[in-house]
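Trainee: Position 508 of the sequence shown, counted from 1, bears residue number 508 in the UniProt record's numbering, the numbering being contiguous throughout. Dropping the structure in here first, questions after.
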Amino acid sequence: QTRSLLGVFEEDAAAISNYINQLFQAMHRIYDAQNELSAATHLTSKLLKEYEKQRFPLGGDDEVMTSTLQQFAKVIDELSSCHAVLSTQLADAMMFPITQFKERDLKEILTLKEVFQISSNDHDAAITRYSRLSKRKENEKIKAEVTEDVYTSRKKQHQTMMHYFCALNTLQYKKKISLLEPLLGYMQAQISFFKMGSENLTEQLEEFLTNIGTSVQNVRREMDCEVENMQQTIEDLEVASDPLYLPDPDPTKFPAHRNLTRKAGYLNARNKTGLVSSSWERQFYFTQGGNLMSQARGDVAGGLVMDIDNCSVMAVDCEDRRYCFQITSFDGKKSSILQAESKKDYEEWICTINNISKQIYLSENPEEIAARVNQSALEAVTPSPSFQQRHESMRPAVQSRPPAARTSSTGSLGSDSTALSALSLDSLVAPDTPIQFDIISPVSEDLPGQAKSSGQTGSFPDWSPPLVLNGKPKMQFVFFQYFSFFLDSILHQLFIVRFLGSMEVKSDESPDVVYETMRQILAARAIHNVFRMTESHLLVTCDCLKLIDPQTQVTRLRFPLPNVVLYAAHQENKRLFGFVLRTSGGRVESRQTSICYIFESNNEGEKICDSVGLAKQIAFHAELDRKASEKQKEIDRVKEKQQKELNKQKQIEKDLEEQSRLIAASSRSNQSSTEGQFVVLSSSQSEDSDLGEDGKKKRESEA
Numbered sequence: 001q002t003r004s005l006l007g008v009f010e011e012d013a014a015a016i017s018n019y020i021n022q023l024f025q026a027m028h029r030i031y032d033a034q035n036e037l038s039a040a041t042h043l044t045s046k047l048l049k050e051y052e053k054q055r056f057p058l059g060g061d062d063e064v065m066t067s068t069l070q071q072f073a074k075v076i077d078e079l080s081s082c083h084a085v086l087s088t089q090l091a092d093a094m095m096f097p098i099t100q101f102k103e104r105d106l107k108e109i110l111t112l113k114e115v116f117q118i119s120s121n122d123h124d125a126a127i128t129r130y131s132r133l134s135k136r137k138e139n140e141k142i143k144a145e146v147t148e149d150v151y152t153s154r155k156k157q158h159q160t161m162m163h164y165f166c167a168l169n170t171l172q173y174k175k176k177i178s179l180l181e182p183l184l185g186y187m188q189a190q191i192s193f194f195k196m197g198s199e200n201l202t203e204q205l206e207e208f209l210t211n212i213g214t215s216v217q218n219v220r221r222e223m224d225c226e227v228e229n230m231q232q233t234i235e236d237l238e239v240a241s242d243p244l245y246l247p248d249p250d251p252t253k254f255p256a257h258r259n260l261t262r263k264a265g266y267l268n269a270r271n272k273t274g275l276v277s278s279s280w281e282r283q284f285y286f287t288q289g290g291n292l293m294s295q296a297r298g299d300v301a302g303g304l305v306m307d308i309d310n311c312s313v314m315a316v317d318c319e320d321r322r323y324c325f326q327i328t329s330f331d332g333k334k335s336s337i338l339q340a341e342s343k344k345d346y347e348e349w350i351c352t353i354n355n356i357s358k359q360i361y362l363s364e365n366p367e368e369i370a371a372r373v374n375q376s377a378l379e380a381v382t383p384s385p386s387f388q389q390r391h392e393s394m395r396p397a398v399q400s401r402p403p404a405a406r407t408s409s410t411g412s413l414g415s416d417s418t419a420l421s422a423l424s425l426d427s428l429v430a431p432d433t434p435i436q437f438d439i440i441s442p443v444s445e446d447l448p449g450q451a452k453s454s455g456q457t458g459s460f461p462d463w464s465p466p467l468v469l470n471g472k473p474k475m476q477f478v479f480f481q482y483f484s485f486f487l488d489s490i491l492h493q494l495f496i497v498r499f500l501g502s503m504e505v506k507s508d509e510s511p512d513v514v515y516e517t518m519r520q521i522l523a524a525r526a527i528h529n530v531f532r533m534t535e536s537h538l539l540v541t542c543d544c545l546k547l548i549d550p551q552t553q554v555t556r557l558r559f560p561l562p563n564v565v566l567y568a569a570h571q572e573n574k575r576l577f578g579f580v581l582r583t584s585g586g587r588v589e590s591r592q593t594s595i596c597y598i599f600e601s602n603n604e605g606e607k608i609c610d611s612v613g614l615a616k617q618i619a620f621h622a623e624l625d626r627k628a629s630e631k632q633k634e635i636d637r638v639k640e641k642q643q644k645e646l647n648k649q650k651q652i653e654k655d656l657e658e659q660s661r662l663i664a665a666s667s668r669s670n671q672s673s674t675e676g677q678f679v680v681l682s683s684s685q686s687e688d689s690d691l692g693e694d695g696k697k698k699r700e701s702e703a
C-alpha cells in the first residue's frame with residue numbers, strides 16, 4: 001500500500017513538473033522578448049485556462065485553484081494586447097519564484113527519489129545476505145557485520161524515505177505558491193509599469209490581488225506548520241523505530257502474537273530449479289480469509305498461493321536456513337516451504353496459519369475466539385475436576401477392537417459411558433508422565449526375508465536356511481516364516497503420517513485414554529512452541545505396524561500387532577488418530593506398561609483405524625486356523641506316539657519270549673556239566689584219603 005501510494009505521489013510530481021515546465025517556458029518568453037509580449041501573455045492565459053483540464057492525482061482543492069486561475073487568465077488576456085513587462089521587474093517578480101521552484105524544489109524531488117531507490121536497493125541486498133546466514137558453525141564476526149549492514153541500510157532507507165515523503169507532501173504547497181507568486185509578481189509589475197490605467201480595472205485588480213496575496217501567505221504559514229510537524233514526527237519515529245531496525249529483535253521485548261487470524265509481511269519462498277537445486281525468492285505474502293496470497297513488487301494485485309483451510313503447518317529443517325516452515329494443503333497434494341525474517345515472524349506465521357486452518361476467521365470476533373482457544377490450550381495442562389464435561393465438546397469416533405485383542409470391548413461410545421463416569425484423569429494418565437515429541441529410537445533396516453513393499457508380495461522371497469536342531473531341520477520355524485509372509489501378503493496399506501508425540505498411560509481399558517493423550521500432547525506443543533513434526537510412512541500389515549522413513553525406506557519403529565490393544569480417531573479433526581501399545585517393562589520392572597502414540601495424517605485417521613481393525617481381524621482368524629492346524633498335528637503326533645509305544649511293547653514281549661527260551665536251553669546245559677564235575681570230585685576225594693596228611697599238604701602246595 002505504501003509503495004502504491006508513493007507511486008501516486010510520484011505521478012503527481014511528474015505532472016506538476018510537466019505543467020511547471022510549460023508555464024516556465026511561457027513566462028520566459030515574456031521575459032526574453034517584449035516584441036512577443038502579447039503572444040506570450042496570450043499563451044500564459046491559455047495555459048491557465050487549461051489548468052482545469054489537468055488531472056492531478058492529488059488535486060484536492062482543484063475547484064478553488066481552477067476558479068482563481070480562470071480569473072487570472074481573464075485579466076491577463078485583457079492586458080496582453082496593450083502592456084509589456086520590463087525585464088528587470090519580470091526577473092525579480094515573476095521569473096525568480098518559478099525558477100526557484102523548478103530548479104530547486106523539483107530537482108530536490110528527483111534527487112531524493114534517486115537516493116531512496118539506492119537505499120532501497122542496498123537494503124534489499126543486505127536482507128538477502130542476512131537471509132543466507134548459516135545456522136550451523138556461524139562466524140560471529142560475519143554475522144555481526146551482516147547484522148550491522150542490515151541495521152545501517154534499514155535505518156538509511158527509513159530516514160531517506162521519511163525525508164522523501166516529507167518533500168512530496170511539501171510539494172503540494174509549493175505547487176500552489178509557485179503558481180500564485182509569479183502571477184502576483186507579474187500583475188504587480190504591470191501595475192507599476194503602467195501608471196495610467198483604467199480606474200475600474202485597477203480597483204478590481206487591487207482587491208483581487210490583495211485576496212490572492214493573503215491566500216498565499218496563509219498557504220505559506222500552513223506549509224511551515226506542516227513541515228515543522230512532519231520534522232517532529234520524523235524525529236519521534238526515528239527514536240521509536242530504532243529497535244525495529246534489527247532483523248531479529250529480542251522476543252522478550254517484542255513477544256509474538258498468537259491470536260492473529262490475519263498476517264502480512266515479506267517471506268522467502270523456496271523454488272526448485274532442478275532435482276537437487278533450489279532458489280529463494282523474496283515476496284510479500286498476506287492472508288485473505290482462508291487463502292494465502294503473494295504479491296511481487298510492481299504487481300497491481302496479489303495472486304493465490306494456497307488454500308489454507310484445514311491445512312497443516314510445521315517447522316522444517318531446510319538446507320542451511322533458519323526460521324523455515326512448511327505449509328501442506330488439505331489433500332496433501334501441494335506444499336510450500338517459506339522462510340521468515342525473524343523468530344517473532346516465524347512463530348506468528350505458524351500460529352496465524354494454524355488459527356486460519358481451524359476456520360476461526362469465519363466467526364464474528366476471530367481474535368477473541370483464537371485467544372480463548374489458546375487459553376484453553378494453556379489450561380489444558382491443569383486437570384479438570386470433571387472429565388465428562390471436558391469431553392462433551394470433543395467426542396471422537398471410536399474404532400472397536402477386534403475380538404482377538406479384547407473380546408469384552410464393543411467399540412461403541414455408549415457402552416463406555418457408564419464406565420467413563422467412574423474414571424478420573426489420574427486413572428488414565430499420570431500427572432508427571434513425560435511426553436516424547438520426536439522419534440528417538442535407533443533405526444534398523446528391514447530383514448532380507450521381509451517384503452519391502454506391497455509390490456513385492458506377489459512371490460515368495462529368498463528364505464534363509466531353516467533352523468537345524470540335533471541334525472534335523474526344525475520345520476516349525478519354516479512354517480512360521482511362511483505363515484508370517486502369508487499374513488503380510490494379505491494386507492499392505494501405506495499412509496503418510498506425522499508423529500505428534502507419545503506418553504505412558506495408566507490404563508488401556510477405555511478409548512478416552514487416546515482422547516486425553518491427544519489433548520495433553522497438543523496442549524504441551526502449544527505451550528512449549530513445539531511446531532516440528534517427523535513425517536513418516538505408516539505401513540499396516542497383518543503382522544505389525546511399521547514407521548518407515550520416506551526418503552531412506554528404513555524402518556524407524558515396529559509395533560507388533562498383537563500388542564496394539566486400543567486405537568481411536570478424532571471425530572471433529574479427521575487428521576488425528578492414536579493407538580495404545582502394551583509392552584513389558586517400564587518404570588517398574590516385571591510389569592506391563594501401556595504407551596499411547598498420537599499421529600496426524602492427511603485426513604485419513606478413520607481409514608487408518610479401519611485398516612488396523614481389518615489387520616487384527618485377519619490375524620485373529622489366521623491365528624485360529626494356525627492353532628487348529630497345530631492341534632490336529634498334535635493329535636496326529638499323539639496317535640503316532642501311541643502306535644510306536646504299542647509296537648515297542650510287542651517287541652519287548654517278543655524279546656522276553658526269546659530270552660526265556662535261551663534261559664531254558666542254558667539251564668539244561670549247565671545241569672549236564674554239574675554231574676560230570678561231581679564224578680571227578682568224588683575220585684579226587686578217594687585219592688586224598690589214600691595219601692594221608694603229608695600227601696594232602698603236598699597237593700595243596702602244588703595247587
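Note that the Cβ used here is the ideal one computed from N, Cα and C, for glycine as well.
Could you tell me whether the Cβ atoms of F499 and T534 are closer together than 8 Å?
Mentor: Result yes, Cβ atoms of F499 and T534 sit closer than 8 Å.
Trainee: Output the distance between the C-alpha atoms of C609 and S336, rounded to the nearest integer angstrom.
Mentor: Roughly 29 Å separates the two Cα atoms.
Trainee: Shortest alpha-carbon distance to G265 belongs to which of A13, A340, S584, E640?
Mentor: For the residues A13, A340, S584, E640, the minimum Cα distance to G265 belongs to A340.
Trainee: To the nearest angstrom, report how far apart I356 and T287 are at their CA atoms.
Mentor: Whole-angstrom Cα-Cα distance: 9 Å.
Trainee: Tell me which residue opens and which closes the beta strand (DSSP E) that G7 is part of.
Mentor: That residue, G7, is in no beta strand (DSSP E); its alpha helix (DSSP H) goes 2-32.
Trainee: Pick helix, strand or coil for Y597, following the three-state DSSP scheme.
Mentor: Reduced to three states, the DSSP call for Y597 is strand.
Trainee: Helix, strand or coil: how does DSSP classify residue 711 here?
Mentor: Outside the modelled stretch of the chain, which goes from 1 to 703, sits residue 711, for which no answer is possible.
Trainee: With a threshold of 16 other CB atoms inside 10 Å of the CB of C225, please say whether the residue is buried or exposed.
Mentor: Per the 10 Å Cβ criterion, exposed.
Trainee: Do you know whose CA, among L106, I350, N563, lies nearest F531's CA?
Mentor: Nearest C-alpha to F531: I350.
Trainee: Would you mind working out which of L48, I521, I618, F284 sits nearest G302, comparing C-alpha positions?
Mentor: Considering only alpha carbons, the answer is F284.
Trainee: Tell me which same chain residues have a C-beta within less than 8 Å of the C-beta of R525, skipping the five on either side of it?
Mentor: Same-chain partners within the cutoff: F437, L500, G501, F531.
Trainee: Quick check on Q117: buried or exposed, where buried means 16 or more other Cβ atoms within 10 Å of its Cβ?
Mentor: Classification of Q117: exposed, given that the 10 Å Cβ count is below 16.
Trainee: Under a Cβ-count criterion, where at least 16 other Cβ atoms within 10 Å of its own Cβ denotes burial, should N354 be classed as buried or exposed?
Mentor: Per the 10 Å Cβ criterion, buried.
Trainee: Between the region 24-44 and the region 162-176, do at least 3 Cβ pairs fall closer than 8 Å?
Mentor: Touching, no.
Trainee: Taking buried to mean at least 16 other C-beta atoms within 10 Å of its own C-beta, is T233 buried or exposed?
Mentor: Exposed, by the Cβ-count rule.
Trainee: Can you say whether N259 is buried or exposed, counting buried as having 16 or more other CB atoms within 10 angstroms of its CB?
Mentor: Buried, by the Cβ-count rule.
Trainee: Looking only at its own chain, which residues have a Cβ that is under 8 Å from the Cβ of P97, when we skip the five neighbours before and after it?
Mentor: Hits under 8 Å: I177, S178, E181, P182, G185.
Trainee: Between which two residues does the alpha helix (DSSP H) holding T261 run?
Mentor: Segment: none, T261 is in no alpha helix (DSSP H) and carries neither H nor E.
Trainee: On a CA-only basis, which of G290, V64, L576, K546 is nearest V514? Give me that one, please.
Mentor: Of G290, V64, L576, K546, the residue nearest in Cα terms is L576.
Trainee: Kindly list the residues whose CB is nearer than 7 Å to the CB of M223, restricted to its own chain and excluding five residues on each side of it in sequence; keep chain order.
Mentor: Excluding positions up to five away in sequence, the list reads T170, Y173.
Trainee: Relative to the alpha-carbon of S119, which residue among T152, R297, E36, N647 has its alpha-carbon at the smallest distance?
Mentor: Answer by Cα proximity: T152.
Trainee: Let's test the definition: count the other Cβ atoms within 10 Å of the Cβ of P442 and tell me whether it reaches 16, buried, or not, exposed.
Mentor: Unreliable positioning characterises P442 in this predicted model, as indicated by a pLDDT of 45, which lies under 50. The coordinate reading is nonetheless provided below. By the 10 Å Cβ count, P442 comes out exposed.
Trainee: Considering only residues of the region 183-258, which uninterrupted beta strand (DSSP E) runs meet the minimum length of 3 residues and lie entirely inside it, listed in chain order?
Mentor: You should have found no qualifying run.
Trainee: Write down the C-beta distance between K175 and I30 rounded to the nearest angstrom, noting that I regard them as a contact closer than 8 Å.
Mentor: Their Cβ separation, rounded to whole angstroms, is 21 Å, which puts K175 and I30 out of contact at 8 Å.
Trainee: Would you mind stating whether C596 and V580 have Cβ atoms separated by less than 8 Å?
Mentor: Contact: yes.
Trainee: Pick from P550, L545, V564: whose alpha carbon is nearest that of L557?
Mentor: Of P550, L545, V564, the residue nearest in Cα terms is L545.
Trainee: Does I598 pass the burial test, meaning 16 or more other C-beta atoms within 10 Å, or should it be called exposed?
Mentor: Counting Cβ neighbours within 10 Å, I598 comes out buried, since at least 16 surround it.
Trainee: If you measure between the beta carbons of N133 and K143, is that distance less than 8 Å?
Mentor: Inspection of the sequence shows that residue 133 is occupied by Leu rather than by Asn. Yes; because the gap between Cβ atoms is below 8 Å, this pair is in contact.
Trainee: Return helix, strand or coil for R661, following the three-state DSSP convention.
Mentor: DSSP places R661 in helix when its eight states are reduced to three.
Trainee: Counting C-beta neighbours from all protein chains within 10 Å, is the total for L646 16 or more, i.e. buried, or is it exposed?
Mentor: That one is exposed.
Trainee: Thinking just about the alpha-carbon of each residue, which of S192, Q70, Y164, Y130 is nearest to the one in I109?
Mentor: The shortest C-alpha separation from I109 is found at Y164.
Trainee: How big is the Cα-Cα spacing for R582 and L561?
Mentor: Rounded to whole angstroms, R582 to L561 spans 10 Å at the Cα level.
Trainee: Less than 8 Å between the beta carbons of S80 and S45, yes or no?
Mentor: Yes; because the gap between Cβ atoms is below 8 Å, this pair is in contact.
Trainee: Is it right to say G298 is buried, meaning 16 or more other beta carbons lie within 10 angstroms of its own, or is it exposed?
Mentor: The residue is exposed, with fewer than 16 neighbouring Cβ atoms inside 10 Å.
Trainee: In three-state terms, what does DSSP make of M306?
Mentor: In this structure, M306 counts as strand in the three-state DSSP scheme.
Trainee: Thinking just about the alpha-carbon of each residue, which of V497, D124, K344, V146 is nearest to the one in T252?
Mentor: The residue with the shortest Cα to Cα distance from T252 is K344.
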